[in-house]
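*Asks:* Below is a structure I'd like to ask you about.
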Amino acid sequence: MKFTWFHLMPWPHMPDDFRQKHRSVWVDLPSKMYQPELGHIAYHQYLDQLEYAERVGFDGIGVNEHHANAYGLMPSPNIMAATLTRRTSKAALVVLGNSIALYNPPVRVAEEFAMLDVLSGGRLVAGFPVGTSMDTNYAYGTVPALTREKYAEAHDLIRKAWAADEPFAFNGRYTKLRYVNCWPKPVQNPPPIFIPGGGSVETYDFCIDNTYSYSYLSYSGYLRAKLLMDGYWKRVEERKVDPSPYRAGFAQVICVADTDAEAERLYGPHVNYFYNRCLHVYPGFADAPGYRTVKTIQTGALSQFTQAAARDYPNMTWKDLVDGRYIVAGSPETVRQQMEELIKTLRVGNVFCLLHIGNMPDDKVRHSTKLFAEKVMPHLRNLWPDYQNHDDRFWIHPMHEPVPTRVAAE
Amino acid sequence: MKSEFLTLKPSGARIQVVEAGKGRDLLFLHGAGGHLHDDPLIAALATRYRVVAPLLPGYGQSTGEDGLRDMLDVTLHALDVLERLKLHKPIVVGHSMGGMIAAEMAAIAHTEIAKLCLLAPAGLWNDDQPVVDIFSKLPFELPGLLFHDAEKGQRLLTAGRGDMEDPEFLKQFLVMNARRLGMAGKLLFPIPDRGLADRLHRITAKTLIVWGADDALIPAAYGAAFKKAISKSKLVKIAKAGHAVGQERPEAVLKAIRAFF
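In structure tokens, the structure reads:
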């Protein structure tokens, strides 16, 4: 098993009446709510937490890209990952990822990911999301019905830019470049690539065809994810490729305390903040018409934010969220049991652990993280004994002798 | 109203064409919402004209939307359809997005289009009076946005529609909506401006511009901008009408068209 400690980096200062006063945490939330001096503190605390996660033994640390929102404050995850290359030395840097349809030209992603891979000595996991509709369409203006085509073209360009040893011309529909010449080149060529997906068959095939790991990012927990992941594994079987669990990953909100009751007391308010403020997306922004393909709509799969809008989070109690397995929370033993069930029922080799939740203060984040690392993770390591905790195709290949970084004080 | 089909070469796109009425030829190009059930404007126009109303790919039973990506694609597509329909000196009428397409056709092929009627056309942008973002609107918001009389609008928009509580119908509805507005987004998202302002001067057609006085989607002030840019044009404002001016006040629009052409 590979455990990635994932940070969304939410804005932790949304007021109590946020839901009543604002229709959406994304797209049209007034930026006067953002206070740069508090943002300075939040960013550094969040980066410290990611570094702490490496220290206590997580395999990876993760960041992602969002725009015009208080849900996740990383318009550029690459900037965050760059700081992490200097202060960590072992963990995979899981950038999940760059919304490649938004970069003009997309060669920028090939270059920046290569920089990160070189800086980190081959520790980059490269994520290529389509991006949420709020980000891609509403905040960044991509025409919804052309988003997928633009994405596919950007993907081809990036892969070619990494693979080529000589400059080449790229005559795409959306990007035309007479000289594509990627300097620097990544240490791992290519880095392992993870694709966040939401249930479309096209994305299953895209992952299978390219040997990419399929990552399902949902906040509804593993019980509701089962149907979708079963669809993925059925497709893997149909396509006659090996069913390595490392072909798939799942994101889970996790809270660990000494006892189940203590977990509710410590983390309840922050979980509430996350589900009722961070996920408060106006339904009109969740899924621009044309963003999802007709085929995907026909499968009945909804985006995580459309799902969130359809759920009655304001009236859900801690017990509802725990019993419904939206969150995995409780004592180390409770969390271990449920994580084991999650990993086995979804057949995932990657778990993206969300241990910072909403407006959780630093001491609680570290407490939960430490308990998970020390009392839960070791018991989950060997759930796929046939694979010895590893599938070479879906994890990083760091350089054997990276240079040690020196701090200015030396 | 009856539907005919034509197939375009080489794309293979199959185009549904609604036809109704007798008289002089009138080509009608619908807006982003497509035709309404028993569309009141088509019905009114059909009392005096032979109305020929092709559906844009992505709408109704018309196919081929994947091959249309931008304004030029759509304009040339519409000109191809017009050519195939073999109409005799038609009045080309377009509503909203259809008005934007009709204006582009008349600007690009100005020797072929001599009579043009634009009903609350999209295509221009003014920072001081932004066009409302239709794509982020929820279904319940549309009647008030598109009609002066929201209750009447609600009835018109939902007429002939299936049961939204039925999951199978809902899925079909979502697919239909994604196809239609997905196509419309190629011309209108995120801002309904594809450079038409630079080309309006090429229009030589005699042009009638009609606007609902209470248009909440594209403010009536845009009517003046179209009038200013098109040389042989007249602007008529219709009281007690919203953006769906032709569907809300079909008789008044018919009267204006008859008086002008």
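As given, the protein sequences belong to chains A and G, one line each in that order. The first sequence lines up with residues 7 to 416 when you count with this note's numbering. The second sequence lines up with residues 752 to 1012 when you count with this note's numbering. Heads up, the beta-carbon is just placed ideally off N, CA and C, and yes, glycines get one too.
I'd like to know whether the C-beta of F212(A) is nearer than 9 Å to at least one C-beta of chain G.
*Replies:* Along the first sequence, read from residue 1 onward, the residue named residue 212(A) stands at position 206. For F212(A), the answer is no, since every Cβ of chain G falls outside 9 Å of its Cβ.
*Asks:* For H72(A), collect the residues of the same chain with a Cβ closer than 6 Å to its Cβ; drop the 5 residues on either side in sequence, then sort them by chain order.
*Replies:* What you label residue 72(A) is simply residue 66 of the first sequence in a count that begins at 1. Only G78, D141 meet the Cβ criterion.
*Asks:* Do we get a CB-CB distance below 9 Å when we pair I852(G) with the residues of chain A?
*Replies:* Position 101 of the second sequence holds residue 852(G). No, I852(G) does not count as interfacial toward chain A.
*Asks:* Is the region 793 to 811 of chain G close to the region 765 to 780 of chain G, with three or more CB pairs under 8 Å?
*Replies:* As far as the Cβ criterion goes, the region 793 to 811 of chain G touches the region 765 to 780 of chain G, which means the pair count is three or higher.
*Asks:* So what does S221(A) bridge to, in DSSP terms?
*Replies:* Counting from one through the first sequence, the residue named residue 221(A) turns up at place 215. BP columns for S221(A) point to P202(A), G255(A).
*Asks:* Measuring alpha carbon to alpha carbon, tell me which residue in E816(G), I793(G), I859(G) is nearest G946(G).
*Replies:* As a first step, residue 946(G) must be located in the second sequence, where it is residue number 195. Of the listed residues, the one whose Cα sits closest to G946(G) is I859(G).
*Asks:* Tell me whether the region 183 to 191 of chain A and the region 127 to 143 of chain A touch, counting them as touching only if at least three CB pairs, one residue from each stretch, are closer than 8 Å.
*Replies:* The region 183 to 191 of chain A is not in contact with the region 127 to 143 of chain A.
*Asks:* What are the start and end residues of the beta strand (DSSP E) that includes I1008(G)?
*Replies:* Numbered from 1 along the second sequence, position 257 holds the residue referred to as residue 1008(G). First-last for I1008(G): 1001 to 1011, but that is the alpha helix (DSSP H), not the beta strand (DSSP E).
*Asks:* Nearest CA to the CA of P197(A): which residue from P408(A), D23(A), R412(A), P404(A)?
*Replies:* For the purposes of this step, residue 197(A) is taken as the residue at position 191 of the first sequence. When each option's Cα is compared against that of P197(A), the closest is P404(A).
*Asks:* To which residues does DSSP link F358(A) through a beta bridge?
*Replies:* As a working note, residue 358(A) is residue 352 in the first sequence. Its beta-bridge partners are T10(A), A257(A).
*Asks:* Evaluate the contact criterion for the region 99 to 109 of chain A versus the region 392 to 401 of chain A: three or more CB pairs, one atom per stretch, below 8 Å.
*Replies:* At 8 Å Cβ cutoff, the stretches do not touch.
*Asks:* Comparing C-alpha positions only, which one of L223(A), P251(A), F400(A) sits nearest to K350(A)?
*Replies:* The count along the first sequence starts at 1 and reaches residue 350(A) at position 344. Looking at the Cα atoms, P251(A) is the closest of the given residues.
*Asks:* Would you say A912(G) reaches chain A, if we count a Cβ-Cβ gap shorter than 9 Å as a contact?
*Replies:* The residue given as residue 912(G) occupies position 161 in the second sequence. Sequence check: residue 912(G) is Arg here, not Ala. Closer than 9 Å: no.
*Asks:* Cα-Cα, which of A794(G), A990(G), G785(G), V825(G) is closest to Q812(G)?
*Replies:* Within the second sequence, residue 812(G) is the residue found at index 61, counting from 1. The residue with the shortest Cα to Cα distance from Q812(G) is G785(G).
*Asks:* If you measure beta-carbon to beta-carbon, which residues of the region 925 to 937 of chain G are closer than 9 Å to chain D?
*Replies:* No chain D appears in the structure shown, which is made up of the protein chains A and G.
*Asks:* If we count the other Cβ atoms within 10 Å of its Cβ and call it buried at 16 or more, is K866(G) buried or exposed?
*Replies:* Looking up residue 866(G) in the second sequence gives position 115. The residue in question, K866(G), is buried, as its Cβ has 16 or more Cβ neighbours within 10 Å.
*Asks:* Give the interface partners of R799(G) over in chain A, defined as CB-CB distance under 8 Å, in chain order.
*Replies:* Numbered from its first residue, the second sequence carries residue 799(G) at position 48. Here the premise fails: no neighbours, minimum Cβ distance about 35 Å.
*Asks:* Which residues of chain G have a Cβ atom closer than 8 Å to the Cβ of Q304(A), listed in chain order?
*Replies:* As a first step, residue 304(A) must be located in the first sequence, where it is residue number 298. Per Cβ cutoff of 8 Å: K922, V926.
*Asks:* Taking the alpha helix (DSSP H) that N177(A) falls in, what are its first and last residues?
*Replies:* Residue mapping note: residue 177(A) aligns to position 171 of the first sequence, counting from 1. First-last for N177(A): 174 to 177, but that is the beta strand (DSSP E), not the alpha helix (DSSP H).
*Asks:* Mind the definition here: the region 788 to 800 of chain G touches the region 896 to 913 of chain G only if three or more C-beta pairs lie below 8 Å; say whether that holds.
*Replies:* Yes, the region 788 to 800 of chain G touches the region 896 to 913 of chain G.
*Asks:* What are the residues that DSSP puts in a beta bridge with E770(G)?
*Replies:* Residue 770(G) sits at position 19 when you count from the first residue of the second sequence. Answer is K753(G), V803(G), bridged to E770(G).
*Asks:* Give the straight-line distance between the Cα atoms of P894(G) and R953(G), rounded to the nearest whole angstrom.
*Replies:* Taking the second sequence and counting its residues from 1, the one referred to as residue 894(G) is at position 143. Taking the second sequence and counting its residues from 1, the one referred to as residue 953(G) is at position 202. Rounded to the nearest angstrom, the two C-alpha atoms are 35 Å apart.
*Asks:* Considering Cα atoms alone, identify which of P111(A), T375(A), S126(A) is closest to R93(A).
*Replies:* Within the first sequence, numbered from 1, the residue matching residue 93(A) stands at position 87. Per the Cα distances, S126(A).
*Asks:* Taking the continuous beta strand (DSSP E) assigned at R775(G), which residues delimit it?
*Replies:* Looking up residue 775(G) in the second sequence gives position 24. Looking at the DSSP string, the run of the beta strand (DSSP E) that includes R775(G) is 775 to 780.
*Asks:* Between A871(G) and I969(G), which are expected to be in contact by the criterion C-beta below 8 Å, what is the C-beta distance as a whole number of angstroms?
*Replies:* Translated into the one-based positions of the second sequence, residue 871(G) becomes position 120. Translated into the one-based positions of the second sequence, residue 969(G) becomes position 218. Going by Cβ atoms, the distance from A871(G) to I969(G) rounds to 6 Å, so yes, they are a contact pair.
*Asks:* State the DSSP-derived secondary structure class of I402(A), mapped to helix, strand or coil.
*Replies:* Position 396 of the first sequence, counted from the first residue, corresponds to residue 402(A). In the structure shown, I402(A) sits in coil (DSSP, three-state: anything other than H, G, I, E or B).
*Asks:* Assuming contact is defined by CB atoms lying nearer than 9 Å, are H861(G) and A956(G) in contact in what I supplied?
*Replies:* Taking the first residue of the second sequence as position 1, residue 861(G) is located at position 110. Taking the first residue of the second sequence as position 1, residue 956(G) is located at position 205. Contact: yes.
*Asks:* Between the beta-carbon of A992(G) and the beta-carbon of D949(G), is there less than 9 Å?
*Replies:* On the second sequence, residue 992(G) is found 241 positions in, with the first residue counted as 1. On the second sequence, residue 949(G) is found 198 positions in, with the first residue counted as 1. No, they are not a contact pair.
*Asks:* Thinking just about the alpha-carbon of each residue, which of A151(A), F174(A), D215(A) is nearest to the one in K937(G)?
*Replies:* Stepping through the second sequence from its first residue, residue 937(G) is reached at position 186. Selected option, being the one with the closest Cα: A151(A).
*Asks:* Within the same chain, show all residues whose beta-carbon is closer than 7 Å to that of E1002(G), passing over the 5 residues directly before and after it, in chain order.
*Replies:* Locating residue 1002(G) in the second sequence gives position 251, where the first residue counts as 1. Hits under 7 Å: A795.
*Asks:* Kindly list, in the order they appear in chain G, the residues whose Cβ is closer than 9 Å to that of Y144(A).
*Replies:* On the first sequence, position 138 is the one that residue 144(A) refers to. Chain G residues near Y144(A): D884, F886, S887, P941.
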